[in-house]
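Visitor: Got a structure here, written out as structure tokens. Questions coming.
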Amino acid sequence: MPSRAGRAEVGSVEFVGRSDSLALLAAARERARAGQPQRVLVEGPAGIGKTALVRRFLRDDTRAPDDSSAPDDSRAPDDSRVPDGTRVLYGAGEEAESQLAFGVLEQLLGRGGGNEGAGSGRRPDAHAAGAELLEALDEAQGADGPEAPASEIPARAPDISAPDIPAPDTPAPDTPVVALVLDDAQWADHPSLQALTFAVRRLRADRVIVLVVVREAQDPRLPDGLRRLFTSDDTVRVRLEGLGPAELTELGDEAGARGLTARAATRLHAHTGGNPLHVKALLEQEGAGLLEALGEPDVTPPAPKSFTALVLAKLAACSPAADALVCAAAVLGTHCAQADAWEVADEDLLAEERSGADLLTALEEAVHAGLLTETPGDPVVRFPHPLVHAAVYHQLGPSRRAALHLRAARTVRDPAQRLRHRALAATGPDPELAAELAALGRDFAAEGAWANAANQLAAAARLDADRGTYEQYTLESVECALLAGDVPDMGEAAQRIARFTPGGWRSYLLGRLSLFDLDRAEALLTDAWHRCDPAADPVLGARIAGQFAALHGSMAHGAEMAEWADLALRLAADDTAPDDTATDMIRVLRLNGLAMSGRAPEALAGLGPLPDPALAGPAQLEELLGRGTLREWTGDLTGAVRDLTGVFGACHGRAASFRVLAATALASAEYRAGRWDDAIVHTDLALSLAADTDQPHIALYCRMLATQVHAVRGAFGRAQAHARVARVYAGGGHLNPSLWAALAEAHLARAQGRPEDVVTALEPLLALAPRGDLEEPGTVSWADLLAEAWAALGDEKRAAQTLAPYEVLATRRGHHTALLAAARARGTLEAARGDTVAAERAFRSGLQHAGHVEAPLDRALLHLAYGGFLRRTGRRTKAGERLRTARDLLVRLDAPPDLERCERELAACGLGSGERRPRNRGAALLTPQELAVARLVASGLTNRQVARELVISVKTVEYHLGRIFPKLGVDSRTRLAALLAAEESDT
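Per this note's numbering, residue 172 is the first one in the sequence shown, and the count goes up by one each step.
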């Protein structure tokens, strides 16, 4: 064996080569410095040098002169700053901790104490965690300072064209950049990866570069959303291969192995594939002996010893105190608090070894050996690489490992971590410990922390040998994972559960996993209900009832939906059961079911007074969401927008599905109220939230809304794209997807003036209507559109057959908006028949209802239809009055397709169209996102509050304001508010 003399430590080898990769990263950093956030994917096999590349990139400073203040090679990639002002948020996945929910997120957020509390944060889901990460990025960019009140803002807004102020794409030389680094992403916990995906999607004008380091982009452990995001065309991809022979020669020189000839380097390259980790291991392991072996053609160079052997050699050379510290740290995780590691280590020392030992001396020795790293001022110690941690941890014998975990359980303060260590110390089944883990999991579930609940219950299942108890814990774990959106393969989960003993819980969960197959889901839930005694087991009874409510909701069975939801709430209120049905928005389901079955006024009256959304509890927030929806359906659009705006602003801590529904409901009310820019913003947000959790199917109604609003705006390409997606989901034949796809296509066709396509889209609903409550006024409107289309095509009989039942029901309900739409369709139909008296009567009836209707588009279309009728019957003066009224409404709405039709009618009357004044002179200059920001700022919100409201970063808000002020010619928030208020009053 060669002597140790002349060998270099693995950690002391300088970085070599990779100039092309560094140039790509440097260019991406400059784009980020200019306010164009960058995504970078660094790929390559283990040991290829991915982490080293990122570390060197973060240390490089080609913009600043070299000076003595530059950090030395020991600086870790998670240092908070590097020389050019870059702030770094660093996290690394660890195979042993991949089930620790939000563990990597804790690293990225820089939480002290390492694993203390890691993964135990009571976050409802990845969306809330992603919003938290967005705030951390804002703070890192310097967006965390207090905002000046409007009175303190300079009288003049900055002139971005001034020579002494850089333009947005010309960064100042000292502009800081934030680098978010996720190393070994394939081992990161799934909730943290989802949170990262959520945050990265919302970077717009941020000076942020996000580097994801992974062995293989197609690794199945990566969520699909993250993979799509970091493999898209606008992502910088750096694929690392082995170092070339010349670079290996340089690496050998740096490692002290001088004399590596070109021939030897070529052979070393062929032997190792140029893998830097293997090469460095060999250089350290063999020293000069490696050069001798490479110089002898007939001698096979030795293979690198396992990384474990290298680490254990270092560990064996340590003092007992340093050895104990490193082993204790390994048990605590890849990073931990120094004090915790020493407290665990102290019990691992013999009495004579403990005498004279101290933390700092032991830590200094471990750091010098390359086994741990530390940063001045940071109480956390880390392993230099996850492989080092794994090598130390797995070399511990079973007895020592269990003892250290038990000591860790006594040391850490977080209850979840204490239980985790006790579980890892268990040598076999432990029913009592399993029960404690299950109880903690159920506590997490009651708080809506579904990911943590799933992990605790799964751990409990592994520790209980009783088959029945194991299956129960597993079923509850899968249920929580479903609610967390973390069951990537529902088919596999269903197959596993199908092997369990038949029972109520098994059938319930199989039914929940089968909601895309409505018949099978109904059969399974029925079986679960028959196997359950709700009086004896209200917990299960409430869950089954809640899923029946959701099932009937997907089939548009309003009465059954309300009945089952009401039963679920009664069972969940039982003293022996938690106030939880494990069904999202059960109160909303109940209220919607009542509305769909014609009982909306009754449901509204039964709600009673509710608090401000900011003060509401979870149940009250659900009821506020339901009330806002009911108000929209009953025509109170002002109240609906007010309720739903408050709910959306207060729901950041709720589950993703709740936030998607809140954003969609708000967009729906805004669309009907004529606030189309806001509706576009909120439909985009809802669709983005649904995509973030790989659940696009929960936002199909939102697809229909997006189609509507883009169609009336004349953005037919965008409308068509949304309609196509809705049609894809309708392929399964289920009622709701078919309904939303049909409505999307019909509204697009109406805006384009294609009645034949309206008929093609809506005629199938005549057959679907008996299957559900599809004709209830206020919920969905389609009979009036279909009747008008039939009339336009000359088929008055079908038009009358379609319209009559809708008129009867609208009259019975006394629903003014539905009666207005029915009157417009009736007037159009009677005019087509040639019965001018009946047509006149219908249109005048519509005008009477219009006085009770807030929806501006519905009123505009009535006036447009009536004006056209009057023109064709020779009453041009009266026609001009109606058409001008329609025109004024359509101008304010900015509805080009209908406005063009209106102006053609005016021209046919011999009347000029007049000047086309924008709906809001200044607002018309803004994009929908800019207008949303402007309105929120004008309402008095700070930039941070606006960012939270729209789920974007503070820097993006600042970016939009930097364009809003010059566009509108204002120089303060006060003047912005005054301008928007004046323009709103004009409308």
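Cβ atoms here follow ideal geometry from the backbone N, Cα and C, with glycine treated the same way.
Classify L414 as helix, strand or coil using the three-state DSSP reduction.
Guide: Three-state result, L414: coil.
Visitor: Since E214 and E387 are thought to touch, with beta carbons under 8 Å apart, how far apart are those beta carbons, to the nearest angstrom?
Guide: Going by Cβ atoms, the distance from E214 to E387 rounds to 7 Å, so yes, they are a contact pair.
Visitor: For the putative contact between A989 and A962, defined by C-beta atoms under 8 Å, what is the C-beta separation to the nearest angstrom?
Guide: With a Cβ gap of about 18 Å, A989 and A962 do not count as contacting.
Visitor: If I follow the unbroken beta strand (DSSP E) through R210, where does it start and stop?
Guide: Taken as a continuous stretch (DSSP letters only), the beta strand (DSSP E) holding R210 covers 209–214.
Visitor: For A350, name the three-state secondary structure that DSSP assigns.
Guide: Strand, per DSSP.
Visitor: Quick check: the Cα distance between P334 and E412, rounded to an integer number of angstroms?
Guide: The predicted position of P334 is uncertain, since its pLDDT is 32 and thus under 50; no value can be drawn from it.
Visitor: Please state if the CB of C1080 and the CB of L1035 are separated by a distance shorter than 8 Å.
Guide: No, Cβ-Cβ distance for L1035 and C1080 is not below 8 Å.
Visitor: So, at 6 Å on beta carbons, what are the nonlocal neighbours of R761 in its own chain, with the 5 sequence-adjacent residues on each side left out?
Guide: A733, A736, D737, listed in sequence order.
Visitor: Smallest Cα separation from L304: which of V381, Q357, E265?
Guide: Comparing Cα-Cα distances from L304 to each of V381, Q357, E265, the minimum goes to V381.
Visitor: On the criterion of 16 or more Cβ atoms from any shown chain inside 10 Å, does D395 qualify as buried, or is it exposed?
Guide: Its Cβ having fewer than 16 others within 10 Å, D395 is exposed.
Visitor: Which partner residues does T544 have in the DSSP bridge list?
Guide: Bridge partners of T544: R553.
Visitor: How is the beta strand (DSSP E) around H506 delimited, first residue to last?
Guide: Its beta strand (DSSP E) spans residues 506–508.
Visitor: By DSSP, does V379 sit in helix, in strand, or in coil?
Guide: Strand, per DSSP.
Visitor: Is it the case that the Cβ atoms of S1110 and L308 are separated by a distance below 8 Å?
Guide: Taking 8 Å as the Cβ cut-off, S1110 and L308 do not qualify as a contacting pair.
Visitor: According to the neighbour-count rule (16 or more other Cβ atoms, all chains shown, within 10 Å of its Cβ), is S132 buried or exposed?
Guide: One cannot answer for residue 132 here, as it falls past the ends of the chain, which runs 172 to 1158.
Visitor: Let me know the alpha helix (DSSP H) ranges lying completely inside the region 983–1050, each 4 residues or longer, listed in chain order.
Guide: Fully enclosed alpha helix (DSSP H) runs of 4 or longer: 987–1004, 1007–1021, 1027–1043.
Visitor: For L808, tell me which candidate among A776, L832, G845, A787 has the shortest Cα-Cα distance.
Guide: Among A776, L832, G845, A787, the Cα nearest to that of L808 belongs to G845.
Visitor: What does the alpha-carbon distance come out to for the pair R997 and S952?
Guide: Using only the alpha carbons, I get a separation of about 15 Å.
Visitor: Report the three-state DSSP secondary structure of V407 (helix, strand or coil).
Guide: Correct three-state label for V407: strand.
Visitor: Taking 6 Å as the limit between beta carbons, can you name the residues of its chain near P124, skipping five residues before and five after?
Guide: There is simply no residue 124 to check, as the chain begins at 172 and stops at 1158 in what is shown.
Visitor: Can you look up A263 in the DSSP assignment and give me helix, strand or coil?
Guide: A263 falls in the strand class under three-state DSSP.
Visitor: Quick one: what does DSSP say V831 is sitting in, helix, strand or coil?
Guide: Of the three classes helix, strand and coil, the one that applies to V831 here is helix, per DSSP.
Visitor: When the Cβ atoms of the region 917–926 are set against those of the region 896–903, are three or more pairs found closer than 8 Å?
Guide: Judged by Cβ distances under 8 Å, the region 917–926 makes no contact with the region 896–903, as fewer than three pairs qualify.
Visitor: Would you call L531 buried or exposed, if buried means 16 or more other Cβ atoms sit within 10 Å of its Cβ?
Guide: It counts as exposed.
Visitor: Name the residue from P602, A620, G639 whose alpha carbon lies nearest to the alpha carbon of A300.
Guide: It is A620.
Visitor: Quick check: what's the CA-CA separation for T368 versus D601?
Guide: Taking the straight line joining both Cα atoms gives about 38 Å.
Visitor: Do G674 and A827 have their C-beta atoms closer together than 8 Å?
Guide: No, the Cβ-Cβ distance between G674 and A827 is not below 8 Å.
Visitor: Bridge partners for V385 per DSSP, in chain order?
Guide: DSSP, once it has assigned bridges, lists E214 as partnering V385.
Visitor: Hey, out of E650, R230, F186, whose CA is closest to D424's CA?
Guide: When each option's Cα is compared against that of D424, the closest is F186.
Visitor: Going along the chain, which residues of its own chain have a beta-carbon closer than 7 Å to the beta-carbon of V1117, five neighbours each way excluded?
Guide: Contacts found: V1104, L1107, V1108, V1128.
Visitor: What do you reckon, are the CB atoms on A743 and A713 nearer than 8 Å?
Guide: In contact: A743 and A713 (Cβ atoms closer than 8 Å).
Visitor: How is C136 classed by DSSP in three states: helix, strand or coil?
Guide: There is simply no residue 136 to check, as the chain begins at 172 and stops at 1158 in what is shown.
Visitor: Whether or not the region 832–842 and the region 873–891 are in contact is what I'm after, with contact meaning three or more pairs of Cβ atoms, one per stretch, closer than 8 Å; do they touch?
Guide: Yes, the region 873–891 touches the region 832–842.
Visitor: Report yes or no: is there a C-beta of chain B within less than 8 Å of the C-beta of T406?
Guide: The displayed structure is made up of one protein chain only, and chain B is not part of it.
Visitor: Just to confirm before moving on: does the CB-CB distance between L393 and A356 stay below 8 Å?
Guide: Yes.
Visitor: Among residues of its own chain, excluding the 5 on either side of A932, which ones have a beta-carbon nearer than 7 Å to its beta-carbon?
Guide: Cβ within range, chain order: A913, E916, A917, A920.
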